[in-house]
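Student: Here you go, one structure.
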Amino acid sequence: MIRILKDLKQKHPEKDLDQLVEMANYYALSHQQKSRAFYRIQATRMMTGAGNILKKHAAEQAKKSVSLHEVQSDQPE
C-alpha cells in the first residue's frame, strides 16, 4: 500500500493526502483477483444503472479512514 501511495504521489504531486488514499484504495481493489460472481454482480449493477461498486467502496473506505484519523487526533493524550 505504501508503494502505491509513493507512486501516486510522484504521478500526482498536486493532490492532497485524502485524494491519494482514495486513489490508492481504488487501485488496490481494482488489481486484486476477482471471482466470477463479482463480475456477474458488477454487470448487473451496470445494466440497472447502479454504477461502479469499486469506486463507491473505495470512496467509503477513504471517508472512514479520514474520519477515524480525525477522531484519534481530537482525543487528548
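Read left to right, the sequence shown gives residues 165 to 241 (this note's numbering). Glycine included, each C-beta is placed from N, C-alpha and C at the ideal position. What you are looking at is a predicted structure, and each value in this text was computed from that prediction instead of being measured.
1. Just curious, the alpha helix (DSSP H) that residue 171 is in, first and last residue?
2. Taking Cβ to Cβ, would you say residue 169 is nearer than 9 Å to residue 193?
3. Short of 6 Å in beta carbon distance, which residues of its chain neighbour residue 187, apart from the five on each side in sequence? Order them along the chain.
4. Is the beta carbon of residue 190 less than 9 Å from the beta carbon of residue 222?
5. Straight-line CA distance for residue 165 to residue 211?
6. Which first and last residues belong to the alpha helix (DSSP H) in which residue 186 is found?
7. For residue 226, count the other beta carbons within 10 Å of its own beta carbon; 16 or more makes it buried, fewer makes it exposed. Which is it?
Tutor: Short version:
1. 166-175
2. no
3. 172
4. yes
5. 32 Å
6. 181-194
7. buried
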